[in-house]
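Have a look at the structure below before the remarks.
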Amino acid sequence: MNDLDLHITCLQLCPLLFSMGHHNYARYLTVYFISLLNLSDSHPGAESLLRNNGFSVCRSDVPASRTAVDLMIEQTINRHAKTRGDIVGFSRSLPAYFRWSVTRHHRASYVSATHDMADIGDLSNDSHKELTPARKLHSENQVQETIKAFTAFINHFDVQPENLVCLSSGLKVLEDVASDLLKWCEDDFLPKELLDIITEDNCSENEDSIDDEGELPDASSDEIMSSEDEQSDDDF
1 MNDLDLHITC LQLCPLLFSM GHHNYARYLT VYFISLLNLS DSHPGAESLL RNNGFSVCRS
61 DVPASRTAVD LMIEQTINRH AKTRGDIVGF SRSLPAYFRW SVTRHHRASY VSATHDMADI
121 GDLSNDSHKE LTPARKLHSE NQVQETIKAF TAFINHFDVQ PENLVCLSSG LKVLEDVASD
181 LLKWCEDDFL PKELLDIITE DNCSENEDSI DDEGELPDAS SDEIMSSEDE QSDDDF
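The sequence shown begins at 1 in the UniProt record's numbering and counts up one residue at a time.
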């Protein structure tokens, strides 16, 4: 799948990462999101490249098997390079690391070719592994076990339909926390005002918003949502 618009839309959820304490994800994903929005102005022609299967790749004939470029690099070049006998053991040697950086993609291609010669590669099959008889039987057993687990517990929605309930524990969510979470579903999928606040804070050059250790200051969900009631970080 290479839906650039869907990819950009999903990135609008990055303020949620900030509210949950994942400051680095919120900070750099916001910059990445703004960069994609202004891609046609900053890098003319790059947007059309991304829309034309530019940020996802497919290594086989398996239907619907496209993956992100960075994930594919981790599964191919970096996967072979991080095994025993390669970068492990000499990463502290700068000249050796430079040589590894230049030749690692060749090594990965040799490993892939060796797998093809031994008929253990993943490119020769044009069907999903999940469609093999053994995997289908295993998956069906897992489905039945999942259904059995659900039917063994009380249906949270039938017991307390007026409250927001945590599915994993069955406990009612605190009213202030439930109010914050439900605000994300009001009107729009994501309040544009919140996204603008996080974007302005993370993409500005104001150094006061970053502490001495290079981390963003902690903020509770109420501070981010501009709520009238204040809530401490411990309550979150």
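A virtual CB, placed ideally from N, CA and C, is assigned to each residue, including glycine.
Asked                                                                                                         : Found
Other residues of its chain near E215: CB distance less than 7 Å, five sequence neighbours each side excluded : Confidence in E215 is poor, its pLDDT being 49 and thus under 50, which makes the residue's placement too unreliable to answer from.
In DSSP terms, what A68 is bridged to                                                                         : S56
Range of the contiguous alpha helix (DSSP H) that encloses I154                                               : No alpha helix (DSSP H) holds I154; DSSP gives it neither H nor E.
Cβ shell of G21 (< 7 Å), same chain only, five flanking positions each side left out                          : none
Under 7 Å between C-beta atoms of A26 and C10                                                                 : no
L39 versus S169: straight-line alpha-carbon distance, rounded                                                 : 43 Å
From E145, H105, V165, G54, residue whose alpha carbon lies closest to that of Q75                            : H105
Distance between L36 and A108 (C-alpha atoms, nearest Å)                                                      : 31 Å
Where residue 257 falls, given that 16 or more other Cβ within 10 Å makes a residue buried                    : As shown, the chain starts at 1 and ends at 236. That puts residue 257 outside it, with no answer to give.
Outcome for D180 when other beta-carbon atoms lying within 10 angstroms are tallied against a minimum of 16   : buried
Extent of the continuous alpha helix (DSSP H) run through K183                                                : 175-183
Candidates S112, L131, D116, F153: closest to V62 by CA position                                              : L131
Where V62 sits in the DSSP three-state scheme                                                                 : coil
Cα-Cα separation, F18 to S139                                                                                 : 36 Å
Same chain only: Cβ atoms within 6 Å of L164, ignoring 5 sequence neighbours per side                         : V173, A178
N- and C-terminal bounds of the alpha helix (DSSP H) containing N24                                           : 23-37
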